[in-house]
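Trainee:
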Amino acid sequence: MAASISDTLLAWYDTHARDLPWRARPGAPPTDPYRVWLSEVMLQQTTVAAVKPYFQAFTERWPTVRDLAAAPEEDVMAAWAGLGYYSRARNLVKASRAVAAMGGFPSSETELRDLPGLGAYTAAAVAAIAFGKRAVVVDANVERVVSRLFAIEEPLPSSRKIIRERTDEITPENRAGDFAQAMMDLGATICTSRDPKCLLCPLSASCEGRKNGDPARYPVKAPKKAKPVRKGQAYWITREDHVWLVRRVGTGMLGGMRALPDDGWSAKGDGHKNAPTAGPWRDLGLVRHTFTHFALELAVCETQATSDPLDEGEWWPLDRLDEAGLPTLFAKAARLALA
DNA sequence: TAATCGTGGCT
DNA sequence: TAGCCAAGATT
């Protein structure tokens, strides 16, 4: 009988696993759940290259989940600045405090799933990788690999159910964590979105997509919606080598992050609010920034203030602006102002 | 179910 | 270069 898909893939993983900072060697004892959890949250919709320096900085500054739980939320938000999807940072703080209160991470998938910021993927990944549990781990890599392996014609996202069933069928009882990481490594290095390296693939012999002749057309995807372009204004208000920064409220766009005052632009429409101080204003130029679901043209203007603006905020020293934790949009605006 | 929520790298 | 894409979660 031919070796199973999982046996073949695990054998490949034993010699081809990527060496990543948050990962134990194949077959080695499971690594610290804190590091697994932290890396998995950082890696949500985010590339390995982007995560590495943040993972390094976080684990150096907060070596354990208790250290992170004791940190002021604003410190964590500022440390997350630039990585995107800031609800992850807010949930990271909440989850770390819940875990610290429990005395450590729960080991079951269902209990992990109850922590803020852990959805189906992350709960399964932590249970499998950190605790050695059998769990069905489905991320975008697995979706692509499985769609090709079984030549699934149903388009994403409606194909998720069948993809999950197929993944369940090929997930082994033992080494489910290594299997998950092997699938992700395969997707990241061999079974890539464009130009898959089928000649190097350990699973090519059993790949229905390859037998069909065009594996790259999987996974089939539903067409995407067009992105609207919104216009907004940001205000660079200085006074004696300081700039006026605000903190964005709530759970919406860039929620909880430090920012320049703006005119209330959003995904729904252009900005409309009045400037936070009287002018005179001088135009500094335009910042173009594309979010997931819309593009923004942010005009930046400056003035020198003689008193505090109306909005709540703080005077931030210009020579420590890199410590303010501005999201990339406003970091671009600041760069324009300081150019 | 579908919309919301960032950013940087790649082609 | 303009679009595509990445270890998704939440509502």
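For the first sequence, UniProt numbering begins at 1 and goes up steadily by one.
Just so it is clear, CB atoms sit at the ideal spot from N, CA and C, and this is done for glycine as well.
1. Under the assumption that Y54 contacts L83 (Cβ atoms under 8 Å), give the Cβ distance between them as a whole number of angstroms.
2. In three-state terms, what does DSSP make of Q181?
3. Does DSSP classify C198 as helix, strand or coil?
4. Grouping DSSP H, G and I as helix and E and B as strand, with all else coil, what is residue 371?
5. Using the three-state DSSP reduction, which class does G232 fall into: helix, strand or coil?
6. DSSP three-state label for D214, please.
7. Determine, using beta carbons only, whether V146 and I163 come nearer to each other than 8 Å.
8. Can the beta-carbon of K227 be found less than 8 Å from the beta-carbon of E297?
9. Can L321 and A182 be called in contact, C-beta distance under 8 Å?
10. Return the bridge partner residues of Q304 from the DSSP annotation.
11. Per DSSP, what kind of secondary structure is A3 in: helix, strand or coil?
12. In chain order, what residues of the same chain have a beta carbon less than 6 Å from the beta carbon of W12, not counting five sequence neighbours either side?
13. Mapping DSSP to helix, strand and coil, what is P33?
14. Going by the CB atoms, is the gap between R144 and residue 343 shorter than 8 Å?
15. What whole-angstrom Cβ distance do Y86 and M77 have, given they're in contact under 8 Å?
16. Considering only residues of the region 55-79, which uninterrupted alpha helix (DSSP H) runs meet the minimum length of 4 residues and lie entirely inside it, listed in chain order?
17. At which residues does the alpha helix (DSSP H) containing R335 begin and terminate?
18. When burial is assigned at 16 or more other CB atoms within 10 Å of the CB, is R61 buried or exposed?
19. In whole angstroms, give me the CA-to-CA distance for A79 and D214.
20. For S149, report the span of its alpha helix (DSSP H) as first-last.
21. Span of the beta strand (DSSP E) holding R282?
22. For residue 351, which residues in the same chain have their Cβ closer than 6 Å to its Cβ, ignoring the five residues on either side in sequence?
23. Considering only the alpha carbon of each residue, which of G177, V126, S108, D114 lies closest to A98?
Mentor: In short:
1. The count along the first sequence starts at 1 and reaches residue 54 at position 54. The count along the first sequence starts at 1 and reaches residue 83 at position 83. The pair is a contact, with the Cβ atoms about 5 Å apart (cut-off 8 Å).
2. Looking up residue 181 in the first sequence gives position 181. Q181: helix per DSSP, three-state reduction.
3. Mapped onto the first sequence, residue 198 falls at position 198. It is helical.
4. The first residue shown for the chain is 1 and the last is 339, placing residue 371 beyond what the model contains.
5. Residue numbering aside, residue 232 sits at position 232 when the first sequence is read from its first letter. Of the three classes helix, strand and coil, the one that applies to G232 here is strand, per DSSP.
6. Sequence index remark: in the first sequence, residue 214 carries index 214 (1-based). Residue state, collapsed to three classes: coil.
7. Taking the first sequence and counting its residues from 1, one reaches residue 146 at position 146. Taking the first sequence and counting its residues from 1, one reaches residue 163 at position 163. Taking 8 Å as the Cβ cut-off, V146 and I163 qualify as a contacting pair.
8. Taking the first residue of the first sequence as position 1, residue 227 is located at position 227. Taking the first residue of the first sequence as position 1, residue 297 is located at position 297. Contact: no.
9. The sequence position of residue 321 within the first sequence is 321, counting from 1. The sequence position of residue 182 within the first sequence is 182, counting from 1. Result no, Cβ atoms of L321 and A182 do not sit closer than 8 Å.
10. Here residue 304 refers to the residue found at position 304 of the first sequence. Q304 is bridged to T238.
11. Here residue 3 is taken as the residue at index 3 of the first sequence, counted from 1. Look at A3 here: in three-state DSSP terms it is coil, with no helix or strand label.
12. Along the first sequence, one-based indexing puts residue 12 at 12. Only residues of its own chain outside the window of five on either side were considered, and among them P202 have a CB closer than 6 Å to the CB of W12, listed in chain order.
13. Reading the first sequence from its first residue, position 33 is the one you call residue 33. Helix.
14. Because the chain here runs from 1 to 339, residue 343 falls outside it and cannot be looked at.
15. Position 86 of the first sequence, counted from the first residue, corresponds to residue 86. Position 77 of the first sequence, counted from the first residue, corresponds to residue 77. Correct: roughly 7 Å between the Cβ atoms.
16. 65-70
17. For the purposes of this step, residue 335 is identified with residue 335 of the first sequence, where counting begins at 1. Its alpha helix (DSSP H) spans residues 328-338.
18. Here residue 61 is taken as the residue at index 61 of the first sequence, counted from 1. R61 is exposed by the Cβ-count criterion.
19. Counting from one through the first sequence, the residue named residue 79 turns up at place 79. Counting from one through the first sequence, the residue named residue 214 turns up at place 214. Roughly 43 Å separates the two Cα atoms.
20. The sequence position of residue 149 within the first sequence is 149, counting from 1. Looking at the sequence shown, residue 149 is not Ser but Leu. Residues 140-149.
21. Locating residue 282 in the first sequence gives position 282, where the first residue counts as 1. Looking at the DSSP string, the run of the beta strand (DSSP E) that includes R282 is 282-290.
22. A question about residue 351 goes unanswered here, because the residues of the chain that appear run from 1 up to 339.
23. Mapped onto the first sequence, residue 98 falls at position 98. Per the Cα distances, D114.
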